[in-house]
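Asks: Numbering (our numbering), first residue to last: 41 to 379.
For reference, the structure I am asking about is given below.
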């Protein structure tokens, strides 16, 4: 057998097939995205490609994923730029009010907006389309973190119209760990440089753009997780995932109502699909988050993030199509016993 052909030649055909499937699923041209192991890698790729000037500002919210906030802080230290984590008052109420308040953070020095479509600590769906529209009018670069989006809520990148969109396929899309992607608008692709410079930087294949040549090949690595993405998409489509997840979203909202009966929650948002998908975060009177998280797993086999956010403890629960009413019942029961 030929031991080299797959990595030397065949893998590009398979990657194209995977990108075509993913591009159709997320609503963008397949040559405008490439696969990466995780959203953190995608974010770092873009952040380290920026050429901001001292004093320039990156506007974000106080709900963003910690790993990428660290990446931004490192970049700002090196470039003498400023990361503005704009406070979002809670509870959020309407998209219009959210957008107006967020826009209050924009100044003449704002060059980049970095915002999650679904937030990690608070599980809120932010109106990123409206933000991207306004940013386009001001010539502000937009980077949307959609790590929790594909497979959880409908996604059409072309409609959102960001400059950059990063997301994971190994979360709600249920592909194997190590499968994520980075989308870049065509007009910005020449500015994006790979974290690992390899042979692609000198590639001359006319069938692939410099953007793909440079970023798709970053040395020898296991690309098998990337190639499974079409099967993950096909599996969900075959099993009517979009219809089954309606029950999940209902279960999320119903569970919040039940928890509210026992704990009188300080709500982060209205209990509607406008703000919540298949997960929600609730503030609970828990003094030791890590200890509490371990107790949930040890005593009830429940695995959920329990985290400190803005000096308060939040538990983020989620339901996928394999979750049941009994799972929700057990969570409510366990929290009543342990809190």
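From the three backbone atoms N, C-alpha and C, an ideal C-beta is built for every residue, glycine too.
Kindly say whether residue 271, judged by its beta-carbon, lies nearer than 8 Å to any beta-carbon of chain E.
Replies: This model lacks chain E altogether, as it is built from one protein chain only.
Asks: Let's see if you can read the secondary structure: which residues bound the alpha helix (DSSP H) around residue 300?
Replies: Taking the first residue of the chain shown as position 1, residue 300 is located at position 260. 281-303 is the span of the alpha helix (DSSP H), which, as asked, contains residue 300.
Asks: For residue 363, which option in 330, 292, 306 and 350 has the closest C-alpha, if you only look at C-alpha atoms?
Replies: Translated into the one-based positions of the chain shown, residue 363 becomes position 323. Of the listed residues, the one whose Cα sits closest to residue 363 is 292.
Asks: Cα-Cα, which of 98, 228, 226 and 210 is closest to residue 220?
Replies: Position 180 of the chain shown, counted from the first residue, corresponds to residue 220. Considering only alpha carbons, the answer is 210.
Asks: CA-CA distance, residue 208 and residue 81?
Replies: By one-based count along the chain shown, residue 208 stands at place 168. By one-based count along the chain shown, residue 81 stands at place 41. Their Cα atoms are separated by approximately 11 Å.
Asks: Start and end of the beta strand (DSSP E) containing residue 101?
Replies: For the purposes of this step, residue 101 is taken as the residue at position 61 of the chain shown. Taken as a continuous stretch (DSSP letters only), the beta strand (DSSP E) holding residue 101 covers 97-101.
Asks: Does the distance from the C-beta atom of residue 126 to that of residue 99 stay below 8 Å?
Replies: Numbered from 1 along the chain shown, position 86 holds the residue referred to as residue 126. Numbered from 1 along the chain shown, position 59 holds the residue referred to as residue 99. Yes. Within cutoff.
Asks: Compare the beta carbon distance of residue 189 and residue 224 with 8 Å and say whether it is the shorter of the two.
Replies: Position 149 of the chain shown, counted from the first residue, corresponds to residue 189. Position 184 of the chain shown, counted from the first residue, corresponds to residue 224. Not in contact: residue 189 and residue 224 (Cβ atoms no closer than 8 Å).
Asks: Return helix, strand or coil for residue 328, following the three-state DSSP convention.
Replies: Sequence index remark: in the chain shown, residue 328 carries index 288 (1-based). Coil, per DSSP.
Asks: I'd like to know if the region 350-361 and the region 309-327 are in contact, where contact means that at least 3 CB-CB pairs between them fall below 8 Å.
Replies: Touching, per the Cβ criterion.
Asks: Look at residue 336 and residue 374 and say whether their C-beta atoms are less than 8 Å apart.
Replies: The sequence position of residue 336 within the chain shown is 296, counting from 1. The sequence position of residue 374 within the chain shown is 334, counting from 1. Contact: yes.
Asks: Among 365, 253, 130 and 310, whose alpha-carbon lies nearest the alpha-carbon of residue 71?
Replies: As a position in the chain shown, residue 71 is number 31, starting the count at 1. Of 365, 253, 130 and 310, the residue nearest in Cα terms is 253.
Asks: Could you pull the DSSP bridge partners for residue 62 from this structure?
Replies: Numbered from its first residue, the chain shown carries residue 62 at position 22. In the DSSP output, where bridge partners are listed per residue, residue 62 has none listed.
Asks: Go ahead and pull the three-state DSSP assignment for residue 119.
Replies: The sequence position of residue 119 within the chain shown is 79, counting from 1. Three-state result, residue 119: helix.
Asks: Which of the three DSSP states, helix, strand or coil, is assigned to residue 342?
Replies: Looking up residue 342 in the chain shown gives position 302. Note: residue 342 maps to coil in three-state DSSP.
Asks: Residue 205 bridges to which residues according to DSSP?
Replies: Here residue 205 corresponds to residue number 165 of the chain shown, with the count starting at 1. Partner(s): 184 and 223.
Asks: Does the separation of the CB atoms of residue 84 and residue 111 fall below 8 Å?
Replies: Position 44 of the chain shown, counted from the first residue, corresponds to residue 84. Position 71 of the chain shown, counted from the first residue, corresponds to residue 111. It is a contact, given that the beta carbons lie within the stated cut-off.
Asks: Could you name the residues of the same chain whose beta carbon sits closer than 6 Å to that of residue 379, not counting the 5 residues immediately before and after it, in chain order?
Replies: Within the chain shown, residue 379 is the residue found at index 339, counting from 1. Contacts found: 324.
Asks: Just list the residues that DSSP pairs residue 155 with in beta bridges.
Replies: Taking the chain shown and counting its residues from 1, one reaches residue 155 at position 115. In the DSSP output, where bridge partners are listed per residue, residue 155 has 184.
Asks: Closer than 7 Å by C-beta to residue 231: which residues in its own chain qualify, once you throw out the five before and the five after it? Chain order, please.
Replies: Residue 231 sits at position 191 when you count from the first residue of the chain shown. 89, listed in sequence order.
Asks: Could you tell me the distance, in whole angstroms, from the CA atom of residue 62 to the CA atom of residue 74?
Replies: As a working mapping, residue 62 is identified with position 22 in the chain shown. As a working mapping, residue 74 is identified with position 34 in the chain shown. Each residue's Cα considered, the two are about 10 Å apart.
Asks: Classify residue 151 as buried or exposed, calling it buried when 16 or more other Cβ atoms lie within 10 Å of its own Cβ.
Replies: Within the chain shown, numbered from 1, the residue matching residue 151 stands at position 111. Residue 151 is buried by the Cβ-count criterion.
Asks: In its own chain, which residues sit with a C-beta less than 6 Å from the C-beta of residue 214, not counting the 5 before and 5 after it?
Replies: Residue mapping note: residue 214 aligns to position 174 of the chain shown, counting from 1. Answer for residue 214: 272, listed in chain order.
Asks: Below 8 Å, how does it come out for the region 50-57 and the region 258-272: are there three or more Cβ pairs, yes or no?
Replies: Yes: the two stretches touch, three or more of their Cβ pairs being nearer than 8 Å.
Asks: Report buried or exposed for residue 132, applying the criterion of at least 16 other Cβ atoms within 10 angstroms of its Cβ.
Replies: For the purposes of this step, residue 132 is identified with residue 92 of the chain shown, where counting begins at 1. Buried is the call here.
Asks: What residues are listed by DSSP as bridge partners for residue 353?
Replies: For the purposes of this step, residue 353 is taken as the residue at position 313 of the chain shown. Per DSSP, 348.
Asks: In whole angstroms, what separates the C-alpha of residue 186 from that of residue 59?
Replies: Sequence index remark: in the chain shown, residue 186 carries index 146 (1-based). Sequence index remark: in the chain shown, residue 59 carries index 19 (1-based). About 17 Å.
Asks: Apart from the five residues on each side of it in sequence, which residues of its chain come closer than 6 Å, Cβ to Cβ, to residue 107?
Replies: Here residue 107 refers to the residue found at position 67 of the chain shown. The answer, listed in chain order, is 80.
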